[in-house]
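Numbering (my numbering), first residue to last: 267 to 452.
Glycine included, C-beta positions come from ideal geometry on N, C-alpha and C.
None of these values were measured; they are calculated from a predicted model.
Following: one structure in structure tokens, then a few remarks.
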């Protein structure tokens, strides 16, 4: 890097990288929601000749189900029982990346500062720590995109409008990126 990286830059990059890892958790929770809850609601509606519940009740149930998913650890969101692997068969290469994301996210959450804190404090080694965080962030970004593609396939399978959902997701991501950019400028 051309300019000297300050410790505050490492802290900021750590936070951003960790948040991208947490974003993967959110995507996994939404994948389970789509592949389990929404699919079940759609099947019940087909069998009953229409929705079993009114929109308010269905919305409340959806919120409750999603809240249950968000209470899970990343490992629980991945595992076969109750996790994404119970509802969706992932391509082996993608499954390996999901497992790697769990390892990387857990490392950031539990071990990063203990193992890399001194290195980050060192002016000579700080850039290496910063670059490693950038690499992890890029890994999470690419995985999130690939998981979103799988999620959108599940949306199509459930009989929903995946294009409309993708437009909403893209708009949400853009808003988050704008907020992050505003935070950097302050």
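Among the residues of its own chain, which have a CB less than 8 Å from the CB of residue 407, if the five just before and after it don't count? 286
By the DSSP assignment, the alpha helix (DSSP H) with residue 292 in it spans what residues? 273-298 is the extent of the alpha helix (DSSP H) around residue 292.
Going by other Cβ atoms of all chains shown within 10 Å of its Cβ, with 16 needed for buried, is residue 283 buried or exposed? buried
Can you tell me whether residue 297 is buried or exposed? The criterion is at least 16 other CB atoms within 10 Å of its CB, across all chains shown. buried
In angstroms with no decimal places, state the Cα-to-Cα distance between residue 304 and residue 344. 19 Å
Does the count of Cβ pairs from the segment 383-401 and the segment 334-349 closer than 8 Å reach three? no
How long is the line joining the alpha carbons of residue 383 and residue 396, rounded to whole angstroms? Those two C-alpha atoms are separated by around 11 Å.
Own chain residues within Cβ distance below 8 Å of residue 361, not counting five before or after: 351
Report the residue from 381, 353, 421, 291 whose alpha carbon sits nearest the alpha carbon of residue 333. 291
In whole angstroms, what separates the C-alpha of residue 301 from that of residue 348? 11 Å
Is the segment 407-425 in contact with the segment 359-373, if contact means three or more CB pairs nearer than 8 Å? yes
Rounded to the nearest angstrom, how far is the Cβ of residue 387 from that of residue 271, given a contact under 8 Å? That pair is no contact at about 12 Å.
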